[in-house]
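Visitor:
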Amino acid sequence: MADESISDRRRQAEGIFAEAQQAYASDRLAWAVEHAREALRVDGSYVQARHWLAERYVEVGATDRASRQYQIIVRADRDDQKAWTVLEAIDPEGAGRIRRLHEIPPDPFVRRRRAHSTVEFDAVEGIGGDQRIEEEAAPFRREEVSADFEALDEVVSPQEMSEIGGIFPERRADGSDAFETLDELGDEEPAATSEAVVWEFIEDWEYYQQWLTIEGVEAVATAIEEAWSTQVMQRVVAACKPVGDDHPQLVAAAAAAAQEFGADPPKLYWVAEEHLQPLIVQGRPTVLAVPQGICQVLNPTELAFVVGRCLGPILSGYLGPLQAVDVLLQRPISSIRQLHLNWRELLAEATADISPALEPQARRCQRAIGHAWQQRVELSADQAGLLACGDIEASCDAIARGTAASVEEAAERTADRLVAQHEGHNAAQLAAIPVDEAPAISAEYAVYRIQMLRWWASSDGYRAAVSQLNAQ
Numbered sequence: 000m001a002d003e004s005i006s007d008r009r010r011q012a013e014g015i016f017a018e019a020q021q022a023y024a025s026d027r028l029a030w031a032v033e034h035a036r037e038a039l040r041v042d043g044s045y046v047q048a049r050h051w052l053a054e055r056y057v058e059v060g061a062t063d064r065a066s067r068q069y070q071i072i073v074r075a076d077r078d079d080q081k082a083w084t085v086l087e088a089i090d091p092e093g094a095g096r097i098r099r100l101h102e103i104p105p106d107p108f109v110r111r112r113r114a115h116s117t118v119e120f121d122a123v124e125g126i127g128g129d130q131r132i133e134e135e136a137a138p139f140r141r142e143e144v145s146a147d148f149e150a151l152d153e154v155v156s157p158q159e160m161s162e163i164g165g166i167f168p169e170r171r172a173d174g175s176d177a178f179e180t181l182d183e184l185g186d187e188e189p190a191a192t193s194e195a196v197v198w199e200f201i202e203d204w205e206y207y208q209q210w211l212t213i214e215g216v217e218a219v220a221t222a223i224e225e226a227w228s229t230q231v232m233q234r235v236v237a238a239c240k241p242v243g244d245d246h247p248q249l250v251a252a253a254a255a256a257a258q259e260f261g262a263d264p265p266k267l268y269w270v271a272e273e274h275l276q277p278l279i280v281q282g283r284p285t286v287l288a289v290p291q292g293i294c295q296v297l298n299p300t301e302l303a304f305v306v307g308r309c310l311g312p313i314l315s316g317y318l319g320p321l322q323a324v325d326v327l328l329q330r331p332i333s334s335i336r337q338l339h340l341n342w343r344e345l346l347a348e349a350t351a352d353i354s355p356a357l358e359p360q361a362r363r364c365q366r367a368i369g370h371a372w373q374q375r376v377e378l379s380a381d382q383a384g385l386l387a388c389g390d391i392e393a394s395c396d397a398i399a400r401g402t403a404a405s406v407e408e409a410a411e412r413t414a415d416r417l418v419a420q421h422e423g424h425n426a427a428q429l430a431a432i433p434v435d436e437a438p439a440i441s442a443e444y445a446v447y448r449i450q451m452l453r454w455w456a457s458s459d460g461y462r463a464a465v466s467q468l469n470a471q
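According to numbering that gives the first Met the number 0, the sequence shown is numbered sequentially starting from 0.
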């Protein structure tokens, strides 16, 4: 069924692209460009149309837009030499950025076209230039999800497109086209992302934007951020106790982590719960509710890692949308994390009037997209944690301990032991956790996170991030 859907989209796109070529042959450039853009809205994988559109942009000097098209092409097919040649000529910096992206380890949200293409951990730790895995970007790993959402290289608005006749340039009385400015972005071309902070993977932005396009998500995220300054969050911390001088290691670790990023230390509250997952109550000001199990198990360096990874999404500016994942997906939460349950219930009440009632298929897509983005957030948050504490082994042990079901189990758990328990599982298997499983506490996903963080700690990207933070 999915193949038939793709074929239908390609046939529709080919028809529209043919009109683009006819318009171009008649010297109607604006009309031709808009047809080509519409063809890509219908089928973003239509490489011939994308090459053609990029050539038209180069032709009129719109090299920034041409660069965007060529970057999409080479990210999908690193062997497209024609695209590389033009991209390196018009945007050497963009070409270099994409080449660096091709050197990162396997993405956890990658669907292999060939079933025998697997990536063992050896490949993650030792990425080489000869590694050639045919892959396509895909945010989901569940068969129930529509193929319509498979291509995150082309992030498009979910709103219904207008009738074809209504989206093209208006014809003037003299028969000529009203030429549209070519440096204005179209729906098929997302605006360039702002520079990612030093601990983030650059691809995270596209997953984030895809999450924001889901109906109701942005409104819920805004309402959550507004709730930070109301009595809603005060009701949460009322069940906690402020952390004082009786826990100097935690206070010092939080201050050290914040100092690494040039941020204010978070307000810390103590909750009498026997687990190791802190709750980010709010972002302005930053409030963390810390379970008592943390100080029973984690050493000062591991504490700095945990606080640093909490600060990552806050300083990246997307805590509200991330908390919206928690509220909208409604994953099961263990009864030992009662404060988290209460917090989510309060925010669900505060956003009930604006949370959309989605049809089953739309609901499945909402959950899958939110889950995929949160999986990426966990990877980048781990990198923030490593920058905060500076110790890769302590960071990996903290990741492993955070997945334990009890304080006693956490005390015995280390990264090496957890990885050994999952020996023989490849990266794709470990990343394919169900939507109902929170990635921060999944043991399988923790193994993937550990391998990813160990890779990053040995990379030039990590050394550059450390240098940049030190310079600031």
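Glycine is no exception: its CB is placed at the ideal position from the N, C-alpha and C atoms.
(1) Rounded to a whole number of angstroms, what is the C-alpha to C-alpha distance between Gln337 and Gln295?
(2) Identify every run of the alpha helix (DSSP H) within the region 243 to 296, keeping only runs that are complete inside it and at least 4 residues long; order them along the chain.
(3) Round the Cβ separation of Phe304 and Gly384 to the nearest angstrom and send it over; I've been treating them as touching at under 8 Å.
(4) Extract the residue ranges of the alpha helix (DSSP H) inside the region 48 to 79, only unbroken runs of 4 or more that lie entirely within it.
(5) Arg74 to Ile449, Cα distance in whole Å?
(6) Applying the criterion that 16 or more other CB atoms from any shown protein chain within 10 Å of the CB defines a buried residue, is Arg36 buried or exposed?
(7) Among Val418, Ile293, Pro438, whose alpha-carbon lies nearest the alpha-carbon of Leu249?
(8) Assuming the contact rule is C-beta atoms closer than 8 Å, Val289 and Val242 should be a hit. Round their C-beta distance to whole Å, please.
(9) Please state if the CB of Leu346 and the CB of Val326 are separated by a distance shorter than 7 Å.
(10) What residue range does the alpha helix (DSSP H) around Thr221 cover?
(11) Name the residue from Leu275, Gln382, Gly389, Arg363 whose alpha carbon lies nearest to the alpha carbon of Arg400.
(12) In this structure, what does DSSP give as the bridge partners for Pro355?
(13) Is it buried or exposed, Ile15, if we count other Cβ atoms within 10 angstroms and call 16 or more buried?
(14) Distance, Cα to Cα, Gly63 vs Ile97?
(15) What did DSSP end up calling Gly389 once you bin it into helix, strand or coil?
(16) Going by alpha carbons, who is nearest to Leu310 out of Ala356, Val376, Gln365, Pro331?
(17) Taking the DSSP output, what are the residues bridged to Lys240?
(18) Could you check if Ile353 is buried or exposed, using at least 16 other CB atoms within 10 Å of its CB as the buried criterion?
(19) Does the region 358 to 368 come close enough to the region 255 to 262 that 3 or more CB-CB pairs lie under 8 Å?
(20) Find the nearest neighbour of Asn341 within the set Gly43, Gln68, Ala238, Glu392, judged by alpha-carbon distance.
(21) From Ile71 to Ile368, what does the alpha carbon distance come to, in whole angstroms?
(22) Is Trp198 closer than 7 Å to Ser405 when the C-beta atoms are compared?
(23) Which residue comes first and which comes last in the alpha helix (DSSP H) that contains Pro312?
(24) Return the chain-ordered list of same chain residues with a C-beta closer than 6 Å to the C-beta of Glu217, the five sequence neighbours on each side being excluded.
(25) To the nearest angstrom, report how far apart Ala437 and Gln374 are at their CA atoms.
(26) Suppose only complete runs of 4+ residues qualify. What are the alpha helix (DSSP H) ranges in the region 17 to 43, listed by chain order?
(27) Cβ of Glu18 within 7 Å of Cβ of His34?
(28) Would Thr402 be called buried (16 or more neighbouring beta carbons within 10 Å of its own) or exposed?
(29) With a threshold of 6 Å on Cβ separation, who are the neighbours of Pro264 within its own chain once the five nearest residues in sequence on each side are excluded?
(30) Between the C-alpha atoms of Val219 and Ile213, what's the straight-line distance to the nearest angstrom?
(31) Between the alpha carbons of Ala22 and Asn425, how many angstroms are there, rounded?
(32) Can you say whether Thr84 is buried or exposed, counting buried as having 16 or more other CB atoms within 10 angstroms of its CB?
(33) Is the distance from the Cβ of Ile476 to the Cβ of Gly319 below 7 Å?
Guide: Reading from the atomic positions:
(1) Within the sequence shown, numbered from 1, the residue matching residue 337 stands at position 338. Within the sequence shown, numbered from 1, the residue matching residue 295 stands at position 296. In a straight line, the C-alpha of Gln337 is about 19 Å away from that of Gln295.
(2) 247 to 259, 292 to 296
(3) Position 305 of the sequence shown, counting from 1, holds the residue named residue 304. Position 385 of the sequence shown, counting from 1, holds the residue named residue 384. Correct: roughly 4 Å between the Cβ atoms.
(4) 62 to 75
(5) One-based indexing of the sequence shown puts residue 74 at position 75. One-based indexing of the sequence shown puts residue 449 at position 450. Spanning the two alpha carbons is a distance of roughly 25 Å.
(6) To locate residue 36, count along the sequence shown from 1; it is residue 37. Its Cβ being crowded by 16 or more others within 10 Å, Arg36 is buried.
(7) Within the sequence shown, numbered from 1, the residue matching residue 249 stands at position 250. Minimum Cα distance to Leu249 is reached at Ile293.
(8) Working through the sequence shown from its first residue, we reach residue 289 at position 290. Working through the sequence shown from its first residue, we reach residue 242 at position 243. So it is a contact: roughly 7 Å between Cβ atoms.
(9) Sequence index remark: in the sequence shown, residue 326 carries index 327 (1-based). Sequence index remark: in the sequence shown, residue 346 carries index 347 (1-based). The answer is yes: Cβ separation under 7 Å.
(10) Here residue 221 corresponds to residue number 222 of the sequence shown, with the count starting at 1. From DSSP, the alpha helix (DSSP H) with Thr221 extends over 216 to 226.
(11) Taking the sequence shown and counting its residues from 1, the one referred to as residue 400 is at position 401. Checked all of Leu275, Gln382, Gly389, Arg363; the closest Cα to Arg400 is Leu275.
(12) Taking the first residue of the sequence shown as 1, we reach residue 355 at position 356. None; Pro355 has no bridge partner.
(13) Residue 15 sits at position 16 when you count from the first residue of the sequence shown. So Ile15 ends up on the buried side.
(14) Stepping through the sequence shown from its first residue, residue 63 is reached at position 64. Stepping through the sequence shown from its first residue, residue 97 is reached at position 98. Note that residue 63 is Asp in the sequence shown here, rather than Gly. Approximately 15 Å, taken between the alpha carbons.
(15) Counting from 1 along the sequence shown, the entry for residue 389 is found at position 390. Coil at Gly389, not helix or strand.
(16) Counting from one through the sequence shown, the residue named residue 310 turns up at place 311. With distances taken between Cα atoms, Leu310 lies closest to Val376.
(17) One-based indexing of the sequence shown puts residue 240 at position 241. Bridge partners of Lys240: Trp269.
(18) Here residue 353 corresponds to residue number 354 of the sequence shown, with the count starting at 1. It counts as exposed.
(19) no
(20) Your numbering for residue 341 matches position 342 in the sequence shown. Here the closest residue by C-alpha is Ala238.
(21) As a position in the sequence shown, residue 71 is number 72, starting the count at 1. As a position in the sequence shown, residue 368 is number 369, starting the count at 1. Straight-line Cα distance between these residues: approximately 20 Å.
(22) Sequence index remark: in the sequence shown, residue 405 carries index 406 (1-based). Sequence index remark: in the sequence shown, residue 198 carries index 199 (1-based). Cβ atoms of Ser405 and Trp198: not closer than 7 Å.
(23) In the sequence shown, residue 312 corresponds to position 313, counting from 1. 299 to 315 is the span of the alpha helix (DSSP H), which, as asked, contains Pro312.
(24) Your numbering for residue 217 matches position 218 in the sequence shown. So the qualifying residues of the chain are Leu211.
(25) Your numbering for residue 437 matches position 438 in the sequence shown. Your numbering for residue 374 matches position 375 in the sequence shown. Answer to the nearest angstrom: the Cα atoms are 9 Å apart.
(26) 28 to 41
(27) Stepping through the sequence shown from its first residue, residue 18 is reached at position 19. Stepping through the sequence shown from its first residue, residue 34 is reached at position 35. Yes, the pair counts as a contact, with Cβ atoms nearer than the cut-off.
(28) If you number the sequence shown from 1, residue 402 lands on position 403. Looking at its Cβ environment, which holds 16 or more other Cβ atoms inside 10 Å, Thr402 is buried.
(29) As a first step, residue 264 is located in the sequence shown; it is residue number 265 there, counting from the start. The residues are Ala253, Ala254, Ala257.
(30) What you label residue 219 is simply residue 220 of the sequence shown in a count that begins at 1. What you label residue 213 is simply residue 214 of the sequence shown in a count that begins at 1. Spanning the two alpha carbons is a distance of roughly 11 Å.
(31) Taking the sequence shown and counting its residues from 1, one reaches residue 22 at position 23. Taking the sequence shown and counting its residues from 1, one reaches residue 425 at position 426. In a straight line, the C-alpha of Ala22 is about 50 Å away from that of Asn425.
(32) As a working mapping, residue 84 is identified with position 85 in the sequence shown. By the neighbour-count rule (16 or more Cβ atoms within 10 Å), Thr84 is not buried but exposed.
(33) Because residue 476 is not part of the residues shown, which for the chain are 0 to 471, the question remains open.
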